[in-house]
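Numbering (my numbering), first residue to last: 2 to 376.
Next up, the structure:
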């Protein structure tokens, strides 16, 4: 098997054309997008600041001001352990390519964002599944993690808050999770794309401040509303970063100096960018939860404790793809649960415009009323 044999990215296949043509998007796992004008106004970026940027190559690990800004924002690790990447997708690809060898055992969540399973699989890893049980609203069960760890486990790959369900570890579970891995020689690959999108508790800290073998990845695409900027990062020990750099020399080489300047400004004043979108997402979450409560006989919605995506199931719906197709024809974009291995569910994004969410839920309501009643 070669990298060319990697499984199709089901989520990207579904969104590839629809994302740009369906008018009302309640599919996304990120918050409402910012414009360049928004950033210039919020952060005080002048035309002269932009005009001064030279379009030369950036350093392989990213420019020093941005690496320092990431380290300061994440906390617990020095800038020497930071690599700037093209979103968290590149960070995950480089890190897993550097870590995983054929025959390694890798623990992955189920359901899962596909990059956290298919990359390791095409590299020859044997996947062992830490299942999040829908009967328990996908809440993480650490005994299930213990059951799949072996002395051959090379890496544990997780994202909390979780995509697509929004579940996460409680503070007590987080401590226990670290204790489980403290005595194991495996690596932890910690996908922190949604780490700052929490509602009832503070974000979980970066585990790299506690554990040695940790690769943490983050991005401006989700909580910061800047997916088109394509800026992410990886935090790891310098030896692993050197291997990742050697691989990157054959791919992207470096990131854009324009993107780096904007990203540095964002992270230096992160709360000014994150705050408004987090407040909006919190209000949208309340709208979604109220809608689910009003439709409790037809909708089963696990509480999204973080992120901006939810993963509801519907009474008498065994394959929700047809429901998603019907919504698309009515101008509403959602994601079929089949993209995450659960055909009876859909992913609903609630990080965008409040009016879009209300419109999408109203149209979904109309379709649900046409479904047969619960038997």
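The C-beta atom is built at its ideal place from N, Cα and C for all residues, glycine as well.
So is residue i buried or exposed if we call it buried at 16+ other beta carbons inside 10 Å?
{"i": "residue 183", "result": "exposed"}
{"i": "residue 376", "result": "Confidence at residue 376 is low in this model, with a pLDDT of 45, below 50, so the placement of that residue should be treated as unreliable; the coordinate-derived value is given next. Classification for residue 376: exposed."}
{"i": "residue 279", "result": "buried"}
{"i": "residue 223", "result": "buried"}
{"i": "residue 82", "result": "buried"}
{"i": "residue 151", "result": "exposed"}
{"i": "residue 18", "result": "exposed"}
{"i": "residue 65", "result": "exposed"}
{"i": "residue 4", "result": "exposed"}
{"i": "residue 284", "result": "exposed"}
{"i": "residue 20", "result": "exposed"}
{"i": "residue 199", "result": "buried"}
{"i": "residue 214", "result": "buried"}
{"i": "residue 56", "result": "exposed"}
{"i": "residue 319", "result": "exposed"}
{"i": "residue 103", "result": "exposed"}
{"i": "residue 254", "result": "exposed"}
{"i": "residue 155", "result": "buried"}
Cα-Cα, which of the options is closest to residue i?
{"i": "residue 147", "options": "123, 121, 124, 187", "result": "187"}
{"i": "residue 94", "options": "206, 342, 216, 240", "result": "216"}
{"i": "residue 1", "options": "252, 178, 364", "result": "With the chain running from 2 to 376 in the structure shown, residue 1 is simply not present."}
{"i": "residue 119", "options": "91, 8, 241", "result": "8"}
{"i": "residue 201", "options": "211, 89, 172, 111", "result": "172"}
{"i": "residue 256", "options": "63, 33, 46", "result": "63"}
{"i": "residue 354", "options": "4, 31, 18, 11", "result": "31"}
{"i": "residue 292", "options": "351, 2, 338, 159", "result": "351"}
{"i": "residue 301", "options": "123, 349, 112", "result": "349"}
{"i": "residue 1", "options": "2, 323, 330", "result": "The displayed coordinates of the chain run from 2 to 376. Any statement about residue 1 would go beyond what the structure contains."}
{"i": "residue 113", "options": "318, 310, 57, 150", "result": "310"}
{"i": "residue 369", "options": "332, 339, 341, 297", "result": "297"}
{"i": "residue 141", "options": "286, 225, 328, 170", "result": "170"}
{"i": "residue 175", "options": "154, 329, 211, 153", "result": "211"}
{"i": "residue 405", "options": "51, 58, 145, 68", "result": "No answer is possible for residue 405: the residues shown for the chain start at 2 and end at 376."}
{"i": "residue 48", "options": "57, 56, 38", "result": "38"}
{"i": "residue 116", "options": "288, 58, 11", "result": "11"}
{"i": "residue 44", "options": "271, 137, 153, 218", "result": "271"}
{"i": "residue 249", "options": "23, 90, 54, 56", "result": "90"}
{"i": "residue 110", "options": "80, 342, 209", "result": "342"}
{"i": "residue 204", "options": "160, 235, 340", "result": "160"}
{"i": "residue 313", "options": "333, 329, 290", "result": "290"}
{"i": "residue 331", "options": "16, 23, 6", "result": "23"}
{"i": "residue 328", "options": "230, 232, 347", "result": "347"}
{"i": "residue 244", "options": "92, 58, 220", "result": "92"}
Helix, strand or coil for residue i? Go by DSSP, reduced to three states.
{"i": "residue 213", "result": "coil"}
{"i": "residue 130", "result": "strand"}
{"i": "residue 13", "result": "helix"}
{"i": "residue 311", "result": "strand"}
{"i": "residue 105", "result": "coil"}
{"i": "residue 68", "result": "helix"}
{"i": "residue 32", "result": "coil"}
{"i": "residue 111", "result": "strand"}
{"i": "residue 86", "result": "strand"}
{"i": "residue 348", "result": "strand"}
{"i": "residue 372", "result": "coil"}
{"i": "residue 334", "result": "strand"}
{"i": "residue 364", "result": "helix"}
{"i": "residue 47", "result": "coil"}
{"i": "residue 207", "result": "coil"}
{"i": "residue 138", "result": "coil"}
{"i": "residue 23", "result": "coil"}
{"i": "residue 226", "result": "coil"}
{"i": "residue 276", "result": "helix"}
{"i": "residue 219", "result": "strand"}
{"i": "residue 1", "result": "Missing from the structure shown is residue 1; the chain here goes from 2 to 376 and no further."}
{"i": "residue 4", "result": "helix"}
{"i": "residue 386", "result": "Coverage of the chain is limited to positions 2 through 376, which leaves residue 386 absent and any answer about it impossible."}
{"i": "residue 285", "result": "helix"}
{"i": "residue 1", "result": "As shown, the chain starts at 2 and ends at 376. That puts residue 1 outside it, with no answer to give."}
{"i": "residue 327", "result": "helix"}
{"i": "residue 38", "result": "helix"}
Using a Cβ-based criterion (distance less than 7 Å to any ligand heavy atom), does residue i qualify as near the ligand GDP?
{"i": "residue 260", "result": "Ligands displayed in this structure: none; no statement on the ligand GDP is therefore possible."}
Counting only C-beta atoms, is residue i closer than 8 Å to chain B at any point?
{"i": "residue 337", "result": "In the structure shown, chain B does not exist; there is a single protein chain."}
Review point. Enumerated in chain order, which unbroken segments of the beta strand (DSSP E) with a length of 3 residues or greater are wholly contained in the stretch 232-272?
Key: 233-236
Check your understanding: On the three-pair Cβ rule with 8 Å, is the stretch 302-316 touching the stretch 161-168?
Key -> yes
Practice item. Report yes or no: do three or more beta-carbon pairs, one from the stretch 267-285 and one from the stretch 129-147, lie closer than 8 Å? Key: no
**Study point:** Segments of 4+ residues assigned as alpha helix (DSSP H) that fall wholly inside the stretch 140-201
**Key:** 143-149, 172-183
Review point. Does the count of Cβ pairs from the stretch 21-31 and the stretch 357-372 closer than 8 Å reach three?
Key: yes
Review point. Are the stretch 70-77 and the stretch 97-104 touching by the rule of at least three beta carbon pairs closer than 8 Å?
Key: Fewer than three pairs of CB atoms, one per stretch, sit closer than 8 Å, so the stretch 70-77 makes no contact with the stretch 97-104.
Check your understanding: Touching or not, the stretch 237-247 and the stretch 255-269, by the rule of three or more beta carbon pairs under 8 Å?
Key -> Note that the stretch 237-247 does not touch the stretch 255-269; fewer than 3 beta-carbon pairs, one per stretch, sit closer than 8 Å.
Exercise for review: Indicate whether the contact test is met: 3 or more Cβ pairs, each with one atom in the stretch 149-165 and one in the stretch 188-199, closer than 8 Å.
Suggested key: yes
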